[in-house]
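Enquirer: Chains as they are written, first to last, in my numbering: chain A, 1481 to 1813; chain B, 1481 to 1813.
Number of protein chains: 2
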Amino acid sequence: MKKLINSPADVVAEALQGLVAANPHLALNADHAVVYRADGPTPGKVGVICGGGSGHEPAHAGFVGLGMLDAAACGEVFTSPVPDQVVEATKRADGGAGVVHIVKNYTGDVMNFEMAAEISAAESGVEIETVLVDDDVAVQDSLWTAGRRGVGLTVLVEKIIGAAAQEGLPLADVAAAGRAVVAQGRSMGLALTPVTTPSAGKPMFELGENEIEFGVGIHGEPGRERRAHASAAELAKALALPIIEDLPFVAGDSVIALVNGMGATPLIELCLMNHELGKILAEHGITAARTLIGNYMTSLDMAGASLTLLRADAQQLAWWDAPVLTAGLRWGV
Amino acid sequence: MKKLINSPADVVAEALQGLVAANPHLALNADHAVVYRADGPTPGKVGVICGGGSGHEPAHAGFVGLGMLDAAACGEVFTSPVPDQVVEATKRADGGAGVVHIVKNYTGDVMNFEMAAEISAAESGVEIETVLVDDDVAVQDSLWTAGRRGVGLTVLVEKIIGAAAQEGLPLADVAAAGRAVVAQGRSMGLALTPVTTPSAGKPMFELGENEIEFGVGIHGEPGRERRAHASAAELAKALALPIIEDLPFVAGDSVIALVNGMGATPLIELCLMNHELGKILAEHGITAARTLIGNYMTSLDMAGASLTLLRADAQQLAWWDAPVLTAGLRWGV
């Protein structure tokens, strides 16, 4: 294993310090591995937090900042944050108008966020709404989940309800906006190479020279099938069609598209995948009103890609376009 | 070789189409593989272009847009653009106030940009200034260069003189601003894994399980030495000290730092490297006034990182902070 790290035990703590040092809009509670807005919480604004295991950077600490998250609870690599971390993130986000917990659907995350919500409510009386993200159409249940996994759509949920909260919407409306995104968004991914966590030190699974893991999760967990590697055109179709058919997306739909790298995929390949996606959408009469290409919801050093489509209305597009100042996503400010 | 591509011959053309489709501010001359501002050229503004072999994404097409480049000439992977491409990029950037060519110091690039400058001047009378970037302190000459290679600093040159041009400075001043950046900036990189080009289909060099290529170039070309892999703390020091000693950077300096990934390095490792860099700079009394972390000047699927430091004055910081709207770098707009 060749990684740019010191000791596996210190990876998350040291990376968060490096992130915060580069971003003056961020602050760090090192004891809890919670990254929060240096100027927060914003009085009267609904707080928005997310969290989960580390290893998915820039998610989620890289999405803390104006117009997106107020705080992120960063677990160890591929390990849910413990309730105390989520309680701390909730506190940092609490401007007196309630806090939304964005939770990716993994059993550990769901349980720990639920416990944290109870503790936070009991301790400070903060009102909490949870938005559960379960956009992965690859499998119904998985090793780590009951129900579908939460993957790339989480980035869109964070951006869109971050903007809604920044605009001043009340708690119930911000949460409803999040659930509306979850209802209209779907994703699927594939891996070209396995992922190696710092603590394991060796690949979490093996892939043959010509094999891909199709429908892979963001922890390298198995997907629909092992299949032979194929052209970008075929793979884009194999990812996009199940997504389109699942919602289903239909002719006339306007979508926000995320062409996401898993961490070790060069941008040139993601751009090429977007070219293929564009052809498929055109064939279905679907318009990509906005497209984001890059590594946003990753799995450490895994090579691969995922596609996310969100059927978006004018309000969602306006929230997508609203100013955002985070390490991972920034425009308008 | 597992890549998300169709045929090696079509990678650049298809990736550029995918890039432009996702970015309404961009337009593409597909025949010449030139990406340019859809709203350009801007009358009366000095044009700024760059170019080079593809495989370094987001450089350079991903840096075309308001406040940065007017056009980029995209060669085949790791292959200089031919003069005709650079002539076309120059034409797309020419708003009547002259054009700056930003050229990374590789023999092929230098020769082809020089020929293109002569052709452009002869054909249209456009005045051209060239800014040669040669920031890599790893080696004096290399397989591909006479003199030092141009690497990560190119991104900072593009941003800073893009802002100067946007502000309305005349040609000579924009070029001088570029040369000032080159004079005050230094870089060095390392590779943890080799790079595989689509056409070769196999790694360009071999690295042992515990070996790194220290001082590597952005085409995977050899650097100072093969050495044993080490901790992030040791590697950050091994990269930063030669950079600091070369200029030299001294106590009291204020710098713009780029912690750059080579394409397949996860963000969590780059953030950790920035944490180590921060400690080294502090020991030397150097302040990182701005820090950018991410994959900006890459080498396809190579894992590794490079550090770039630019001693920056108040004017350069202001240009760095000025609005920019590109696929790869965006803020303030």
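Backbone N, C-alpha and C define an ideal beta-carbon position, used for all residues, glycine too.
Predicted, not measured: the structure shown is a model, and the values here were computed from it.
Checking the sheet assignment: what are the DSSP bridge partners for residue 1800 (chain A)?
Expert: The partner list for residue 1800 (chain A) (beta bridge, DSSP) is empty, contrary to what the question assumes.
Enquirer: Helix or strand or just coil, what does DSSP make of residue 1651 (chain B)?
Expert: Helix at residue 1651 (chain B).
Enquirer: When the Cβ atoms of the stretch 1786-1793 of chain A are set against those of the stretch 1525-1541 of chain B, are three or more pairs found closer than 8 Å?
Expert: Verdict: no, contact absent.
Enquirer: Taking the C-alpha atoms as reference points, what is the distance between residue 1523 (chain A) and residue 1676 (chain A)?
Expert: Taking the straight line joining both Cα atoms gives about 42 Å.
Enquirer: Check for me: the beta strand (DSSP E) holding residue 1758 (chain A) runs from which residue to which?
Expert: Premise fails: residue 1758 (chain A) lies in the alpha helix (DSSP H), 1747-1763, not in any beta strand (DSSP E).
Enquirer: What is the rounded straight-line gap between the Cα of residue 1703 (chain B) and the Cα of residue 1499 (chain A)?
Expert: The alpha-carbon atoms of residue 1703 (chain B) and residue 1499 (chain A) are separated by roughly 28 Å.
Enquirer: Please report the residue range of the alpha helix (DSSP H) in which residue 1634 (chain B) lies.
Expert: Unbroken alpha helix (DSSP H) run through residue 1634 (chain B): 1633-1646.
Enquirer: Between which two residues does the beta strand (DSSP E) containing residue 1671 (chain A) stretch?
Expert: Residues 1665-1671.
Enquirer: Starting from the beta carbon of residue 1755 (chain B), find every residue of chain A whose beta carbon is closer than 8 Å, and list them in chain order.
Expert: Ordered by position in chain A, the residues that pass the 8 Å Cβ test against residue 1755 (chain B) are 1494, 1495, 1497, 1498, 1501.
Enquirer: Using only the alpha-carbon positions, how far apart do residue 1570 (chain B) and residue 1812 (chain A) sit?
Expert: Each residue's alpha carbon lies about 29 Å from the other.
Enquirer: Starting from residue 1811 (chain A), find everything on chain B with Cβ-Cβ shorter than 8 Å and list it in chain order.
Expert: Neighbours of residue 1811 (chain A) on chain B, chain order: 1805, 1810, 1811, 1813.
Enquirer: Just list the beta strand (DSSP E) runs in the stretch 1760-1793 of chain A, keeping only unbroken ones of 3 residues or longer that don't cross its boundaries, in chain order.
Expert: List check, beta strand (DSSP E) in window: 1767-1774, 1784-1791.
Enquirer: Let's test the definition: count the other Cβ atoms within 10 Å of the Cβ of residue 1565 (chain A) and tell me whether it reaches 16, buried, or not, exposed.
Expert: The residue is buried, with at least 16 neighbouring Cβ atoms inside 10 Å.
Enquirer: Using alpha carbons as the reference points, say which of B:1635, B:1695, B:1748 lies closest to residue 1622 (chain B).
Expert: It is B:1695.
Enquirer: Please identify, using Cβ separations under 8 Å, the residues of the stretch 1520-1543 of chain B that lie next to chain A, in order along the chain.
Expert: Listed by position along the chain: 1534, 1535, 1537, 1538, 1542.
Enquirer: Distance, Cα to Cα, residue 1601 (chain A) vs residue 1575 (chain A)?
Expert: Cα to Cα, the separation comes out at about 14 Å.
Enquirer: Between the beta-carbon of residue 1788 (chain B) and the beta-carbon of residue 1628 (chain B), is there less than 9 Å?
Expert: Not closer than 9 Å, so no.
Enquirer: Quick check on the DSSP output: the beta strand (DSSP E) that includes residue 1706 (chain B) runs from which residue to which?
Expert: Residues 1705-1708.
Enquirer: Are there 16 or more other CB atoms within 10 angstroms of the CB of residue 1553 (chain B), so buried, or fewer, so exposed?
Expert: Residue 1553 (chain B) comes out buried.
Enquirer: Using a Cβ-Cβ cut-off of less than 9 Å, give me the residues of the stretch 1744-1777 of chain B that come near chain A, in sequence order.
Expert: Answer in chain order: 1744, 1745, 1746, 1747, 1748, 1749, 1750, 1751, 1752, 1753, 1754, 1755, 1756, 1757, 1758, 1768, 1770, 1771, 1772, 1773, 1774, 1775.
Enquirer: Going by the beta-carbon positions, is the gap between residue 1624 (chain A) and residue 1505 (chain A) smaller than 9 Å?
Expert: No.
Enquirer: What are the residues of the stretch 1625-1638 of chain A that lie near chain B, defined by any Cβ-Cβ distance shorter than 7 Å?
Expert: Hits within the stretch: zero.
Enquirer: Around the Cβ of residue 1686 (chain A), are there at least 16 other Cβ atoms within 10 angstroms (buried) or fewer (exposed)?
Expert: It is exposed - the Cβ of residue 1686 (chain A) has fewer than 16 other Cβ atoms within 10 Å.
Enquirer: Decide if residue 1634 (chain A) is buried, meaning its Cβ has at least 16 other Cβ atoms within 10 Å, or exposed.
Expert: With 16 or more Cβ atoms within 10 Å of its Cβ, residue 1634 (chain A) is classed as buried.
Enquirer: To the nearest angstrom, report how far apart residue 1851 (chain A) and residue 1493 (chain A) are at their CA atoms.
Expert: Examination of residue 1851 (chain A) is not possible in this model, given that chain A is present from 1481 through 1813 alone.
Enquirer: Find the residues of chain A that neighbour residue 1679 (chain B), judging by a C-beta separation of less than 7 Å, and give them in chain order.
Expert: In chain order: nothing, as chain A lies at least about 13 Å away.
Enquirer: Flag this pair as touching only if the stretch 1741-1754 of chain B and the stretch 1767-1787 of chain B have three or more C-beta atom pairs under 8 Å; answer yes or no.
Expert: Yes, they touch.
Enquirer: Could you name the residues of chain A that residue 1709 (chain B) contacts, counting a contact when the two beta carbons are closer than 8 Å?
Expert: Result: 1482.
Enquirer: Closest Cβ-Cβ distance between residue 1686 (chain A) and chain B: below 9 Å?
Expert: So, not an interface residue.
Enquirer: Straight-line CA distance for residue 1503 (chain A) to residue 1642 (chain B)?
Expert: Going by the C-alpha atoms only, they are around 23 Å apart.
Enquirer: Pick out the complete beta strand (DSSP E) segments inside the stretch 1671-1701 of chain B, 3 residues or longer, and give them in chain order.
Expert: Qualifying beta strand (DSSP E) stretches, in chain order: 1691-1694.
Enquirer: Does any residue of chain A bring its CB to less than 9 Å from the CB of residue 1788 (chain B)?
Expert: Chain A contact via Cβ: absent.
Enquirer: List the residues that DSSP assigns as beta-bridge partners of residue 1551 (chain B).
Expert: The partner list for residue 1551 (chain B) (beta bridge, DSSP) reads B:1516, B:1529.
Enquirer: For the alpha helix (DSSP H) containing residue 1592 (chain B), name the first residue and the last one.
Expert: 1587-1604 is the span of the alpha helix (DSSP H), which, as asked, contains residue 1592 (chain B).
Enquirer: Residue 1715 (chain B) touches chain A at which residues, Cβ-Cβ below 7 Å?
Expert: Residues of chain A passing the Cβ test: 1484.
Enquirer: Tell me which residue opens and which closes the beta strand (DSSP E) that residue 1739 (chain A) is part of.
Expert: Its beta strand (DSSP E) spans residues 1734-1741.
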